[in-house]
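Notes for the one structure printed next.
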Amino acid sequence: MANPSITANLERLAAIDAGIHNGDFLLTWEQRDATIQFVLQAAELLQDCARAGISTRLFDSGLGMSIFRDKSTRTRYAFRSGCNTLGLMTEELDESTSQIAHGETVRETAAMIAFLSEVIGIRDDMFLGEGHKYMVEVAASLDESYREGVIAQRPAVVNLQCDLDHPTQSMADLRHLIDTFGGVEHLRGKKLAMTWAYSPSYGKPLSVPQGVVTLMARMGMDVVLGHPEGYDLADEPLAAARAAAQASGGSFRVTGSMADAFDGADIVYPKSWAPMWVMRERTRLVHAREQAKLHELEQQALANNARHTDWECDDAMMARTRDGRALYMHCLPADITGVSCKAGEVSKTVFERARLDTYREAGHKPFIVAAMILATRFAQPAEALRGAIASGVMRRRG
Amino acid sequence: MANPSITANLERLAAIDAGIHNGDFLLTWEQRDATIQFVLQAAELLQDCARAGISTRLFDSGLGMSIFRDKSTRTRYAFRSGCNTLGLMTEELDESTSQIAHGETVRETAAMIAFLSEVIGIRDDMFLGEGHKYMVEVAASLDESYREGVIAQRPAVVNLQCDLDHPTQSMADLRHLIDTFGGVEHLRGKKLAMTWAYSPSYGKPLSVPQGVVTLMARMGMDVVLGHPEGYDLADEPLAAARAAAQASGGSFRVTGSMADAFDGADIVYPKSWAPMWVMRERTRLVHAREQAKLHELEQQALANNARHTDWECDDAMMARTRDGRALYMHCLPADITGVSCKAGEVSKTVFERARLDTYREAGHKPFIVAAMILATRFAQPAEALRGAIASGVMRRRG
Amino acid sequence: MANPSITANLERLAAIDAGIHNGDFLLTWEQRDATIQFVLQAAELLQDCARAGISTRLFDSGLGMSIFRDKSTRTRYAFRSGCNTLGLMTEELDESTSQIAHGETVRETAAMIAFLSEVIGIRDDMFLGEGHKYMVEVAASLDESYREGVIAQRPAVVNLQCDLDHPTQSMADLRHLIDTFGGVEHLRGKKLAMTWAYSPSYGKPLSVPQGVVTLMARMGMDVVLGHPEGYDLADEPLAAARAAAQASGGSFRVTGSMADAFDGADIVYPKSWAPMWVMRERTRLVHAREQAKLHELEQQALANNARHTDWECDDAMMARTRDGRALYMHCLPADITGVSCKAGEVSKTVFERARLDTYREAGHKPFIVAAMILATRFAQPAEALRGAIASGVMRRRG
């Protein structure tokens, strides 16, 4: 049953006003500090409950809808199990059989999948300038439908990765850092190197690095973003990271050298992403249905990446970090040299040492999703959780 | 909790004997008046409960299976959320990986997906002369399996659109009319124009107009079916509509002029459908796997439609209706001129005024599905609902 | 509510120590007798509860994940409804969009889909030497993740058909035999003919015959395996069947004649499977992506089968069995001569007589799956069930 840590966490949670009841969770940099704090605290509490076998099924019925406009294993599972742990049945809008786009189609589809839904999770990360815009459009459609009495409750839109941010990932990453370093207060002043790394694949979204630098700078960390020339992140998150660092007393800078980023780092997050011009050009070519040119672009992008195979997180690179023992992070799956590809983001020995830690990092995601649902769908989320815990119902009976 | 309207509705519901316990819901014109009345009343009550946040999870476990032999977003969501609101987990038989057909295959598959199922929702609307027959075959197979002790309970077959009828749509449409006009008794004598409308697409099923004219004629309405030459509906629903009008004191006639249908109408339902000979020929060509001829047929059908682009519901056409303000209905998605296509079923201005109303119309469907499950799976459905409401369990706790 | 048979079954169940708490169910011949006995007894009890309308929802939340590396209708439904009857929501890992393989990919994916899961059902039956190995690898990955605190509970791996065994099928078959002959003790000394039969299809797995001969020989039955030259089963299950027969006092022999196998048989199980060399060669060609050679192999395999069209279970063959009335078994769907194909495994008249019995046979599978989950996920499964039954909650309320 509820142990002292759960009771204490519940008290802390009750003291925070998430402030997003009937709202959405789209970009961390648009959320107030209390919201971030609430989601982190609630995710920890939900994970503690799961470990203690306590049921947190706060919904007796209701749907969690998802729309995946890009493939996903890890985030899909996180969304579904996050929904399930609160009692929501999940369904997915199959876009291949039911195409949805912009304008009236979005407004209508948003209403059609909202009648009995509590949350709509969306992944739309492949096209620069589109994913976030699409989510905002869905949210506005839901607002209208709720205001006009078309739907009885306003489902939350939860960003499962867009072109700008990947908040369930970055918040899970932050939970992992808090767990690893023993509290959010210990993150202040720690150096985090978010760097590009070589991968023999093409067109990976920019939202993970963008999400990480903005959120970690906000925690007072010394964030260094490292990448080869031409692999810049988008302007909005870069500006958000700079502003966050200034506000938090942390720092944020960009370097063109992996070694510079790694020097003395407490945490490293080496990961491939595509140049923005590649993402933009691909968006254009996909819209224009230029298959031949898309193939050409892929070849060009791969050749481009191949000029930077030295951006690999190997033992030599790790030796530069604090005491040679920085925490290695990755959103998974990593491209591991000699394992999943000939040359990749990380050497086999570095990854093998960090492997279980990256699984733990991922293990926070279902609870982050559930915490976001809790924050958006309950007027008094801590009270609701307190009731569930007090009822003594277990996840597995007997 | 339960408000006076819910209590009053519950009393009304308890007074109606649905009469289809352990049965199916396939065609409205095969159902007795009391059954139609029960489903309408139950759907209203279930929607009231959802709006009041009252849980109606009457099943502690059990499956709602669906078989979609044609793509679907709206009806699929309606089926799944209707099941969920009663506590059923949904699963879909994937026909692309597990082909099912007629004869032994149907009998066997019906048993295989029935062992712990309470309802099997089927969409099979693309081939004239096949969809309804298939559902009857599934129902007969379930009868046999139940009689012979192969399955412990007899799942209801719910028609999610066949070649003859689309009862979850027409019943949701009727719920919308009752809501809009303030009671079923106010529908008597109202003029409803169910008309063909131009669309640049091909092969839309006839089941929506067939379902609407038969059900609305039964409600004592003056139903006018309008379409260009060659776009006749099937004989069985036409005969059913005539018989229903005669029995109810309403009327039913067919016209070849959209203007005639719209003149003085209280309600208009302009919507594209395919000529029967196109549907029949397509059925034949699909079975014969004649790809080239299928393409030819599509071209011919589109050219055929294109001769009637003047069948558009625009402001001029709407001006003909009662006070120029008829209720516009559509099963969605509509083909909107200048929005989803160059020229379509409805002009942008007409649709924009009606838009939220068409969403409300669609919003009845999940509750119609749930009401059909209630009617078929419970010996004393009103008592079961009364118990759920009295228990005080809410959809969202705390 | 609970009838005397349920109460008595509960007592019998409480007396058996399944011995696989926190374990897996992969191959029947690796399981102790008590485990087999527990699963059979629990499946019977769960089916009795379902027939009495008693809810056995022991999980308040939690996921049942499935991975199907081959198509499936019957086993997929059995897995999902088995999970549902215990309260687990099901999700499927979509391998077409999220490729999983061996090594690090398996270890990582296993962790990613385990965070809040209670069971992972896997079908991987197409490639000789791979399916079972894959499941063992998943199980080992889960062990590591559980040991290292990555996941809070150890989901059971349940074999939904591998290259060696198909335990949910063979255990359902055994439940059917127990029901039909009135008790496991009446199976001793009965002759069961598991024979190859002609089918105009190619590449059917060997796991059904392998699962049946090993499990039935263990029950003291006289098992005769019959097949044309070249259609031998794999060594491991053959050795397991021989050892089981010796230990149980039953017998196991192989014959090249269908007539010999059928002579005086109490039970016949005629079913097509592929020669091992075809399965091996296909595995090799698939890995090498040799499409043309795969097509050639298929043609060759079909021609090979076609030399044995006389291996059909027709009336003449059935006349050889005990009193001409052996129990006909099949895992479904059967290839029925003149129904699903021109010439197949079984004649129309033989199948028609046995048809409903084969449905009953299949009807045990959902409860076998649920019983395996019960055995692996509960420390005191009988106590847990006793609590659920005593609570008086019904599957359908009111």
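Protein chains in written order, with our numbering: chain A, 1221 to 1618; chain B, 1221 to 1618; chain C, 1221 to 1618.
A virtual CB, placed ideally from N, CA and C, is assigned to each residue, including glycine.
Alpha-carbon spacing of residue i relative to residue j, whole angstroms
i	j	result
GLY1618(A)	ALA1602(C)	9 Å
GLY1564(C)	ARG1289(A)	44 Å
CYS1561(C)	ILE1371(A)	51 Å
ASP1480(B)	LEU1246(B)	32 Å
ARG1527(B)	TRP1493(B)	14 Å
GLY1678(B)	PRO1224(B)	Because chain B spans 1221 through 1618 in this model, residue 1678(B) falls outside it and cannot be assessed.
LEU1514(C)	ALA1554(A)	33 Å
THR1541(B)	GLY1409(B)	15 Å
THR1415(B)	ALA1331(B)	40 Å
VAL1432(B)	LEU1266(C)	45 Å
THR1578(B)	SER1361(A)	14 Å
ALA1465(A)	VAL1474(A)	13 Å
ASP1543(A)	PRO1448(A)	26 Å
HIS1241(A)	VAL1377(C)	39 Å
GLY1568(B)	TYR1422(B)	It should be noted that the sequence gives Lys, not Gly, for residue 1568(B). Answer to the nearest angstrom: the Cα atoms are 21 Å apart.
PHE1598(C)	ALA1262(C)	12 Å
ILE1320(C)	THR1329(C)	With a pLDDT of 46 at ILE1320(C), under the threshold of 50, the modelled position of this residue cannot be trusted, and the question is left open.
ASP1268(C)	LEU1308(A)	29 Å
THR1276(C)	SER1275(A)	17 Å
ILE1333(A)	ALA1359(A)	12 Å
PRO1458(C)	THR1248(C)	Per the sequence shown, the amino acid found at residue 1458(C) is Leu instead of Pro. Their backbone Cα atoms lie some 13 Å apart in a straight line.
TRP1538(C)	VAL1444(C)	Here residue 1538(C) turns out to be Met, not Trp, going by the sequence shown. Using only the alpha carbons, I get a separation of about 15 Å.
Span of the alpha helix (DSSP H), counted from its first residue to its last, around residue i
i	result
ILE1588(A)	1585 to 1597
TRP1497(B)	1496 to 1508
PRO1429(A)	1427 to 1438
ARG1294(C)	1294 to 1306
PRO1490(B)	PRO1490(B) -> not in any alpha helix (DSSP H); beta strand (DSSP E) instead, spanning 1487 to 1490.
MET1309(C)	Element bounds for MET1309(C): not the alpha helix (DSSP H) but the beta strand (DSSP E), 1309 to 1313.
THR1248(B)	Counting along the chain, THR1248(B) falls outside any alpha helix (DSSP H), and DSSP gives it neither H nor E.
THR1227(C)	1224 to 1234
SER1286(B)	Premise fails: SER1286(B) lies in the beta strand (DSSP E), 1283 to 1288, not in any alpha helix (DSSP H).
ILE1609(A)	1601 to 1611
N- and C-terminal bounds of the beta strand (DSSP E) containing residue i
i	result
ASP1442(A)	1442 to 1446
ILE1342(A)	1337 to 1343
SER1468(B)	Unbroken run through SER1468(B) is the alpha helix (DSSP H), 1455 to 1468; no beta strand (DSSP E).
VAL1474(A)	1471 to 1475
MET1414(A)	1411 to 1416
Nearest neighbour of residue i, chosen from the options [CA to CA]
i	options	result
VAL1404(A)	MET1439(A), PRO1375(A), ARG1597(A)	MET1439(A)
THR1305(A)	GLU1572(A), ILE1588(A), ALA1228(A), THR1227(A)	ILE1588(A)
PRO1682(C)	ALA1591(C), SER1427(C), MET1538(C), GLY1369(C)	Residue 1682(C) is absent from the structure shown; chain C starts at 1221 and stops at 1618.
PHE1482(C)	LEU1336(C), LEU1435(C), ALA1417(C), GLY1307(C)	ALA1417(C)
GLU1312(C)	LEU1313(A), THR1293(A), ASP1314(A), GLY1302(A)	THR1293(A)
GLY1402(B)	GLU1264(B), GLY1612(B), SER1611(B)	GLU1264(B)
ALA1591(A)	LEU1453(A), SER1301(A), ASP1280(A)	SER1301(A)
THR1400(B)	GLU1250(B), ALA1234(B), LEU1547(B)	LEU1547(B)
ASP1345(B)	ARG1271(B), SER1281(B), GLU1368(B), PRO1429(B)	PRO1429(B)
Every unbroken beta strand (DSSP E) within the segment 1505 to 1556 of chain C, with a cutoff of 3 residues, ordered by chain: If only uninterrupted beta strand (DSSP E) runs of at least 3 residues are considered, none is enclosed by the segment 1505 to 1556 of chain C.
Inset, instruction - Identify each residue in the segment 1353 to 1378 of chain C for which the Cβ-Cβ distance to at least one residue of chain A is less than 9 Å, and report them in chain order. - result: From the segment 1353 to 1378 of chain C, only GLU1364, SER1365, GLU1368, GLY1369, VAL1370, ILE1371, ALA1372, GLN1373 have a Cβ closer than 9 Å to chain A.
### beta strand (DSSP E) runs contained entirely in the segment 1363 to 1404 of chain A, provided each spans 3 or more residues
Listed in chain order, they are 1376 to 1379.
Exercise for review: Identify each residue in the segment 1286 to 1320 of chain C for which the Cβ-Cβ distance to at least one residue of chain B is less than 7 Å, and report them in chain order.
Suggested key: Answer set for the segment 1286 to 1320 of chain C: LYS1291, THR1293, ARG1294, TYR1297, ARG1300, SER1301, ASN1304, THR1305, GLY1307, MET1309.
**Message:** For the segment 1561 to 1587 of chain C, list every residue whose C-beta sits within 7 Å of some C-beta in chain A, in sequence order.
**Reply:** If the cut-off is 7 Å between Cβ atoms, the segment 1561 to 1587 of chain C has nothing near chain A.
Worksheet entry | Interfacial residues, the segment 1328 to 1339 of chain A to chain C, with Cβ spacing under 7 Å | Taking 7 Å as the upper bound on Cβ-Cβ separation, chain C lies near no residue of the segment 1328 to 1339 of chain A.
Check each residue of the segment 1249 to 1275 of chain A: if its Cβ is closer than 7 Å to any Cβ of chain C, include it; give the result in chain order. Under the 7 Å Cβ criterion, the segment 1249 to 1275 of chain A contributes ALA1270, ARG1271, SER1275.
Interfacial residues, the segment 1542 to 1563 of chain B to chain A, with Cβ spacing under 9 Å:
Residues are counted here when their Cβ sits less than 9 Å from a Cβ of chain A; for the segment 1542 to 1563 of chain B these are LEU1552, PRO1553, ALA1554, ILE1556, VAL1559, SER1560, given in chain order.
Can you pull out the residues from the segment 1597 to 1618 of chain B whose beta carbon lies closer than 9 Å to at least one beta carbon of chain A? Flagged, chain order: VAL1613, MET1614, ARG1615, ARG1616, ARG1617, GLY1618.
| said: I'd like the ranges of any alpha helix (DSSP H) spanning at least 4 consecutive residues and lying wholly in the segment 1250 to 1279 of chain C. | reply: Listed in chain order, the complete alpha helix (DSSP H) runs (minimum 4 residues) inside the segment 1250 to 1279 of chain C are 1253 to 1272.
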